[in-house]
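Chemist: At position 37 of the sequence shown (counting the first as 1) the number is 41 in our numbering, and the numbers step up by one without a gap.
Just so it is clear, CB atoms sit at the ideal spot from N, CA and C, and this is done for glycine as well.
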Amino acid sequence: MQIGIPAETLAGETRVAATPETVKKFAALGCEVLVQAGAGLASSATDAAYEAAGAKVVATAADALANADFVLKVAAPTAEEAALMKQGATVLAAFAPHANPHFDAYAARGLTCVAMELIPRITRAQSSDILSSQANLAGYKAVLLAANEYAGLFPMMMTAAGTIKPARIVVLGVGVAGLQAIATGKRLGAVVEASDLRPAAKEQVESLGGRWLDVPMSDEEKAKALGTGGYAWQPSPEYIRDQAAVVDKAVSQANIVITTAQIPGRKAPVLVKAETVAKMKPGSVIIDMAVGSGGNVEGSAPDQTVVTENGVRIVGISNIPALVATEASALYARNLLNFLAPMHDKESGRIVLNREDDMVKPTLVVDSGTVIYKKPN
């Protein structure tokens, strides 16, 4: 069976869906792997390295896709890319199904589309979880971006001319990206504070040396939050008011703010209001990691740095993992390999998608030309 790896066409997308490492493993399973020339160059993977790993390097995307049973991509294919694919092919990518306008084109080609960002949060799916692998890198890079934008320093320094105070970082949202941002900020010597809707995140924050921004909760609210893991908890108006006050105070005193909160399929929640930004010191930096889904910060703009009247720099980068393409591609490619390899049938030498598997079923957005994805209300 044949696996096709085209070069990514989305502007700014530097990652690639298979590396020489994963190509070698697919080849060991008996798969023929076709890679479009130059597909991995931005990720430090040369055509020669792919050939050495057992791939066949071909000139165009059409050559890579025409006979591929499985197509591996980072970004969802466009309608034009779908038209190049073999009728009935299976495509693995980050499909962004809630905003994807190309489902009719996929259906017309009879494609089966596996949205890797819909991998369920179950133990055996962790090694295929592209959201976690990419968010980990993004959280790290976000702190470095902030350090580059910030005119001061992160650590405390004692010099003959006086002492430099450590920078204050506030991280809003303590998921994978937020935890990595906390750890990276601490490693660089900053004082880090963090907030999250989940009370259970307090222990994680403190284990990394961060300070938890505590919002008083009633026993009833605490029970609700703990009972749902925090994500499905609907806080009371009083809690929302109190949390806003805590965030406003912390952010207005911070040098660096990193926001990470996103809700799959929905607009990102606004965590930092314009009036809070207006209280921040000149030269402060905000990295809005959710800018691609609407933004956590009022005034942020996709792929722009907005400088406010009071001198705060609001940085919005839609695709932070693409800035660390070598490692991001390595992890993403392993995620896809880990997803497909267990479905390899030794007798036939083919990868057979098990549609009833509890790891596969939630990811299917188009199945053999039938659109089955339903947008959340």
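Measure the C-alpha to C-alpha separation of LYS350 and THR116 and round it to an integer number of angstroms.
Modeler: The straight-line gap separating the alpha-carbon atoms of LYS350 and THR116 is approximately 22 Å.
Chemist: Verify whether the separation of the beta carbon atoms of ASN339 and SER132 is less than 8 Å.
Modeler: yes
Chemist: Considering only residues of the segment 134-208, which uninterrupted alpha helix (DSSP H) runs meet the minimum length of 4 residues and lie entirely inside it, listed in chain order?
Modeler: 134-153, 180-191
Chemist: When DSSP labels each residue in this structure, what does PHE74 get in the three-state scheme?
Modeler: strand
Chemist: ARG317 lies in the beta strand (DSSP E); which residues open and close that run?
Modeler: 317-320
Chemist: Please report the straight-line C-alpha distance between ILE168 and MET162, rounded to a whole angstrom.
Modeler: 6 Å
Chemist: Thinking just about the alpha-carbon of each residue, which of ALA345, ARG191, PRO101, ASP73 is nearest to the one in GLY114?
Modeler: Of ALA345, ARG191, PRO101, ASP73, the residue nearest in Cα terms is ASP73.
Chemist: Figure out for me which residue from SER136, THR13, MET293, ASN71 has the closest Cα to the Cα of LEU122.
Modeler: Closest option to LEU122, Cα to Cα, is SER136.
Chemist: Work out the CA separation of VAL180 and PRO220 for me, nearest whole Å.
Modeler: 24 Å
Chemist: Does GLY234 come out as helix, strand or coil in the three-state DSSP assignment?
Modeler: Here the model assigns GLY234 a pLDDT of 49, short of 50, so the residue's position is not dependable and the matter cannot be decided.
Chemist: Hey, how far is the Cα of LEU88 from the Cα of LEU275?
Modeler: So the two alpha carbons sit approximately 42 Å from each other.
Chemist: If you check the beta carbons only, do ALA65 and GLN40 fall under 8 Å apart?
Modeler: yes
Chemist: Measuring straight from C-alpha to C-alpha, what distance separates LEU176 and PRO239?
Modeler: Going by the C-alpha atoms only, they are around 17 Å apart.
Chemist: So, for ASP371: in the same chain, excluding its five sequence neighbours on each side, which residues have a beta-carbon less than 6 Å away from its beta-carbon?
Modeler: Residues THR116 of the same chain have their beta carbon placed closer than 6 Å to that of ASP371, with the five preceding and five following residues left out of the count.
Chemist: Check whether the segment 246-257 and the segment 207-222 touch, using three or more Cβ-Cβ pairs below 8 Å as the test.
Modeler: yes
Chemist: With distances taken Cα to Cα, identify the nearest neighbour of SER288 among ALA155, VAL250, ALA97.
Modeler: Ranking ALA155, VAL250, ALA97 by Cα distance to SER288 puts ALA155 first.
Chemist: Report the rounded CA-to-CA distance for LYS190 versus ALA282, giving the unit in angstroms.
Modeler: 26 Å
Chemist: Can you give the beta carbon distance from ARG19 to GLU12, rounded, assuming they're within the 8 Å contact cut?
Modeler: 7 Å
Chemist: Below 8 Å CB to CB, which residues in the same chain sit around LEU192 once its five sequence neighbours on both sides are set aside?
Modeler: VAL147, ALA151, PHE158, PRO159
Chemist: Between which two residues does the beta strand (DSSP E) harbouring ALA97 extend?
Modeler: 94-98
Chemist: Going by C-alpha to C-alpha distance, which of GLN257, ILE7, ARG359 sits closest to PRO170?
Modeler: Of all alpha-carbon atoms in GLN257, ILE7, ARG359, the one lying nearest the alpha-carbon of PRO170 is that of GLN257.
Chemist: Quick check on the DSSP output: the alpha helix (DSSP H) that includes ALA87 runs from which residue to which?
Modeler: For ALA87, the enclosing alpha helix (DSSP H) starts and ends at 83-87.
Chemist: Thinking C-alpha only, which one of ALA93, GLY303, TYR336 is nearest ALA68?
Modeler: ALA93
Chemist: Measuring CA to CA, which of LYS29, GLU84, ALA46 is closest to ILE7?
Modeler: The shortest C-alpha to C-alpha distance from ILE7 to any of LYS29, GLU84, ALA46 is the one to LYS29.
Chemist: Taking buried to mean at least 16 other C-beta atoms within 10 Å of its own C-beta, is SER211 buried or exposed?
Modeler: Classification of SER211: exposed, given that the 10 Å Cβ count is below 16.
Chemist: Assign ILE134 to one of two classes, buried (16 or more other C-beta atoms within 10 Å of its C-beta) or exposed (fewer than that).
Modeler: buried
Chemist: Going by CA-CA distance only, name the one from ILE318, VAL261, LEU96 that's closest to THR367.
Modeler: Nearest C-alpha to THR367 among ILE318, VAL261, LEU96: LEU96.
Chemist: Is DSSP giving GLY296 helix, strand or coil here?
Modeler: helix
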